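Trainee:
Protein chains in written order, with my numbering: chain W, 13 to 254; chain G, 13 to 254.
(1) Less than 6 Å between C-beta atoms, sequence neighbours within five positions excluded: which residues of the same chain meet that for residue 121/G?
(2) Does any C-beta atom of chain W lie closer than 8 Å to the C-beta of residue 232/G?
(3) If we count the other Cβ atoms within 10 Å of its Cβ and call it buried at 16 or more, is residue 55/W buried or exposed?
(4) Residue 251/W versus chain G: which residues are under 8 Å apart at the beta carbon?
(5) Please report how far the alpha carbon of residue 61/W lies from the alpha carbon of residue 69/G, in whole angstroms.
(6) Taking Cβ-Cβ distances shorter than 9 Å, what residues in chain G pair up with residue 129/W?
(7) So who's on the other strand from residue 211/G, going by DSSP bridges?
(8) Residues of the stretch 172-189 of chain W in Cβ contact with chain G at a cutoff of 7 Å, in chain order, please.
(9) Taking the alpha helix (DSSP H) that residue 249/G falls in, what are its first and last residues?
(10) Should residue 188/W go down as buried or exposed, given a rule of 16 or more other Cβ atoms within 10 Å for buried?
(11) Would you mind sorting residue 138/W into buried or exposed? The rule is 16 or more other CB atoms within 10 Å of its CB.
(12) In this structure, what does DSSP give as the bridge partners for residue 129/G?
(13) What span of residues does the beta strand (DSSP E) with residue 97/G cover, start to end?
(14) Throw me the rounded Cβ distance for the residue 160/W and residue 183/W pair, which I believe falls under 8 Å.
(15) Looking only at its chain, what residues have a beta carbon closer than 7 Å to the beta carbon of residue 250/W, apart from the 5 residues adjacent to it on each side?
(16) Does the beta carbon of residue 122/W come closer than 8 Å to any beta carbon on chain G?
(17) Find the residues of chain W that neighbour residue 126/G, judging by a C-beta separation of less than 7 Å, and give them in chain order.
(18) Using a Cβ-Cβ distance cut-off of 8 Å, determine whether residue 119/G contacts chain W.
(19) Comparing alpha-carbon positions, which option in 16/G, 253/G, 97/G lies nearest residue 51/G?
(20) Can you check DSSP and say which residues form a bridge with residue 60/W?
(21) Who are the Cβ neighbours of residue 80/G in its own chain at under 7 Å, not counting the five residues just before and after it?
(22) Let me see if you follow: with CB-CB separation under 8 Å, is residue 135/G close to chain W or not?
(23) What residues in its chain sit with their C-beta under 7 Å from that of residue 244/W, if we drop five residues either side in the sequence?
(24) What is the DSSP secondary structure of residue 197/W, reduced to helix, strand or coil?
(25) Would you mind listing the beta strand (DSSP E) stretches within the stretch 64-91 of chain G that are 3+ residues and don't spill past its ends, in chain order?
(26) Quick check on residue 157/G: buried or exposed, where buried means 16 or more other Cβ atoms within 10 Å of its Cβ?
(27) Would you list the residues sitting across from residue 140/W in a DSSP beta bridge?
(28) Rounding to the nearest angstrom, what Cα-Cα distance links residue 90/W and residue 24/W in this structure?
(29) Going by beta-carbon coordinates alone, are residue 223/G and residue 175/G separated by less than 8 Å?
(30) Should residue 239/G go down as buried or exposed, given a rule of 16 or more other Cβ atoms within 10 Å for buried?
(31) Please work out which residues of its chain come closer than 8 Å, Cβ to Cβ, to residue 87/G, disregarding the five sequence neighbours upstream and downstream, and give them in chain order.
(32) How would you list, in chain order, the residues of chain W whose beta-carbon sits under 7 Å from the beta-carbon of residue 246/G?
(33) Using the DSSP secondary-structure output, state which residues sit across from residue 16/G in a beta bridge.
(34) Using the Cβ count rule (16 or more neighbours within 10 Å means buried), how would you classify residue 233/G?
(35) Tell me which residues of the stretch 204-216 of chain G have at least one Cβ-Cβ distance to chain W shorter than 8 Å, keeping chain order.
(36) Between residue 158/W and chain G, is any beta-carbon pair separated by less than 8 Å?
Written as structure tokens, this is what we have:
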């Protein structure tokens with residue numbers, strides 16, 4: 013059992029540095045908060061070490077006992093947290109590939125996390141993110157996934173190249189768009205489908221829309237505007253795998 | 013044209029006080045940020061006064077010109093904001109009542125705002141919130157509505173009483189629940205329907221579930237867990253008014 017009491021301890025500094033994307037990219041590590049997420053990470057074999065300010069035995073391999081002040085310094089939550097885990101980024105591969113989503117520049121970490129959580133609920137096989145989609149390993153995004161990031165491959169890549177590869181592989185690629193588009197009822201389910209969701213303000217890039225096989229809009233009246241995580245939920249529900 | 017340069021000015025203090033729910037409740041006022049929301053508020057006749065640090069003519073009745081430091085003090089956004097409006101809470105009444113949602117203890121302001129935004133997109137007529145649902149006029153909730161709060165009545169009331177009244181009025185009241193419930197495909201659309209969504213952790217209170225005419229779940233595999241705003245989106249889309 014290792015105890016740390018100084019805010020200046022080098023480990024504490026290393027943990028805090030993981031709040032920055034650059035450090036997460038360099039180390040392949042990220043932080044999660046709370047026991048629920050830690051257990052999901054443990055089951056996925058992604059736990060590196062665990063930090064707590066509670067004196068109790070924990071079912072994790074390497075535990076550091078720290079002061080509440082250190083805990084507060086490492087935590088990104090407003091409310092009190094008693095368990096933080098340092099995790100290795102999961103490296104999952106899709107077992108099969110019939111339903112995928114492509115996220116083209118989604119900016120809000122809450123939306124990103126929620127889309128991943130929804131994808132797994134409707135048995136989607138993978139989530140692909142453009143280079144300019146926000147970082148999955150930021151605190152808000154991780155929390156919004158509710159642990160789903162340990163169960164579904166999330167892959168960052170060039171979406172233009174990906175779309176071509178998916179099409180070669182027999183996928184019907186569908187971009188969400190309000191213009192010149194079909195409703196969900198007008199686009200029948202097929203074996204292999206990929207859906208592209210865009211940035212909160214700009215939507216899907218025009219060049220990606222042009223590569224897609226079809227364009228889809230969600231039938232609605234009035235406001236003509238849905239949050240991207242809600243739109244994603246409706247589309248993934250409508251084309252869910254059973 | 014009125015100018016304010018002191019951070020200690022009594023108006024500045026009054027505006028900042030509106031960050032607190034108690035002050036918003038007492039005054040019936042709240043703050044919105046950015047030109048898009050201000051225009052929605054203006055169209056709805058809810059603008060009391062506008063605050064800006066930019067020297068340009070604005071199409072609002074009463075404008076205060078302030079320093080960037082004052083602007084920063086009043087704003088709740090991380091990024092720079094150049095227009096803040098003090099608004100009166102809208103007092104809308106539903107024109108007709110065929111589709112409504114009931115929010116039973118929704119805690120996250122982003123979820124609340126998103127549910128309201130979605131409700132208007134699918135032509136729902138009103139949103140009812142339990143007393144313990146989070147405040148609609150908090151900055152995050154207002155932003156998540158994207159202005160929808162100026163277009164749809166949002167009413168805070170006792171949901172148990174409301175359910176009884178809706179049922180007298182011919183509504184079919186449906187609680188979302190994972191247990192002993194029917195899927196969307198099993199519950200046909202009727203003329204008057206009310207859907208209850210619950211707290212992010214606990215779901216719909218058991219006593220409210222017991223009052224409902226039916227229980228609904230969203231058909232899914234795997235994770236068995238959806239964000240409440242996503243669940244709301246799928247249900248409202250499925251029972252949208254055309």
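Just so you know, even glycine gets a beta-carbon here, dropped at the ideal spot from N, CA and C.
As the structure is a computational prediction, the values presented were derived from the model and not from experiment.
Mentor: Based on what the coordinates show:
(1) Here the question's residue 121/G lines up with position 109 in the second chain. Only 146, 150, 152, 153 meet the Cβ criterion.
(2) Your numbering for residue 232/G matches position 220 in the second chain. Chain W contact via Cβ: present.
(3) As a first step, residue 55/W is located in the first chain; it is residue number 43 there, counting from the start. Exposed.
(4) Start at 1 with the first residue of the first chain, and residue 251/W comes out as number 239. Within 8 Å Cβ-Cβ: nothing; residue 251/W doesn't reach chain G, min ~12 Å.
(5) As a first step, residue 61/W must be located in the first chain, where it is residue number 49. As a first step, residue 69/G must be located in the second chain, where it is residue number 57. Each residue's Cα considered, the two are about 57 Å apart.
(6) Within the first chain, the letter at position 117 stands for residue 129/W. 235, 237, 238, 239, 242, listed in chain order.
(7) Taking the first residue of the second chain as 1, we reach residue 211/G at position 199. According to DSSP, residue 211/G bridges with 215/G.
(8) none
(9) By 1-based counting over the second chain, the position of residue 249/G is 237. Taken as a continuous stretch (DSSP letters only), the alpha helix (DSSP H) holding residue 249/G covers 240-250.
(10) As a first step, residue 188/W must be located in the first chain, where it is residue number 176. Buried, since its Cβ has 16 or more Cβ neighbours within 10 Å.
(11) Within the first chain, the letter at position 126 stands for residue 138/W. With 16 or more other Cβ atoms within 10 Å, it is buried.
(12) Counting from 1 along the second chain, the entry for residue 129/G is found at position 117. Residue 129/G is not bridged to any residue.
(13) Taking the first residue of the second chain as 1, we reach residue 97/G at position 85. Run containing residue 97/G: 95-100, per the beta strand (DSSP E) assignment.
(14) The sequence position of residue 160/W within the first chain is 148, counting from 1. The sequence position of residue 183/W within the first chain is 171, counting from 1. Not confirmed; about 22 Å, so no contact.
(15) As a position in the first chain, residue 250/W is number 238, starting the count at 1. So the qualifying residues of the chain are 196.
(16) Numbered from 1 along the first chain, position 110 holds the residue referred to as residue 122/W. Yes, residue 122/W counts as interfacial toward chain G.
(17) Within the second chain, numbered from 1, the residue matching residue 126/G stands at position 114. 239, 242, listed in chain order.
(18) To locate residue 119/G, count along the second chain from 1; it is residue 107. For residue 119/G, the answer is no, since every Cβ of chain W falls outside 8 Å of its Cβ.
(19) Numbered from its first residue, the second chain carries residue 51/G at position 39. For residue 51/G, the nearest C-alpha among the options comes from 97/G.
(20) Mapped onto the first chain, residue 60/W falls at position 48. Per DSSP, none; premise fails for residue 60/W.
(21) Along the second chain, read from residue 1 onward, the residue named residue 80/G stands at position 68. So the qualifying residues of the chain are 65.
(22) Working through the second chain from its first residue, we reach residue 135/G at position 123. Yes - at least one Cβ of chain W is within 8 Å of the one on residue 135/G.
(23) In the first chain, the residue the question calls residue 244/W occupies position 232. Here the set comprises 113, 127, 130, 209.
(24) Taking the first chain and counting its residues from 1, one reaches residue 197/W at position 185. Looking at residue 197/W - three-state DSSP - the assignment turns out to be helix.
(25) 75-78
(26) Numbered from 1 along the second chain, position 145 holds the residue referred to as residue 157/G. Result: buried.
(27) To locate residue 140/W, count along the first chain from 1; it is residue 128. DSSP lists 114/W, 167/W as partners of residue 140/W.
(28) As a first step, residue 90/W is located in the first chain; it is residue number 78 there, counting from the start. As a first step, residue 24/W is located in the first chain; it is residue number 12 there, counting from the start. When rounded, the distance between both Cα atoms is 19 Å.
(29) Against the second chain, residue 223/G aligns to sequence position 211. Against the second chain, residue 175/G aligns to sequence position 163. In this structure, residue 175/G lies closer than 8 Å to residue 223/G by Cβ.
(30) As a working mapping, residue 239/G is identified with position 227 in the second chain. Its Cβ being crowded by 16 or more others within 10 Å, residue 239/G is buried.
(31) Within the second chain, the letter at position 75 stands for residue 87/G. Same-chain partners within the cutoff: 45, 93, 96.
(32) Position 234 of the second chain, counting from 1, holds the residue named residue 246/G. 245, 246, 249, listed in chain order.
(33) As a first step, residue 16/G must be located in the second chain, where it is residue number 4. Residue 16/G is bridged to 78/G.
(34) Taking the second chain and counting its residues from 1, one reaches residue 233/G at position 221. That one is exposed.
(35) none
(36) Start at 1 with the first residue of the first chain, and residue 158/W comes out as number 146. Output row for residue 158/W: interface = yes.
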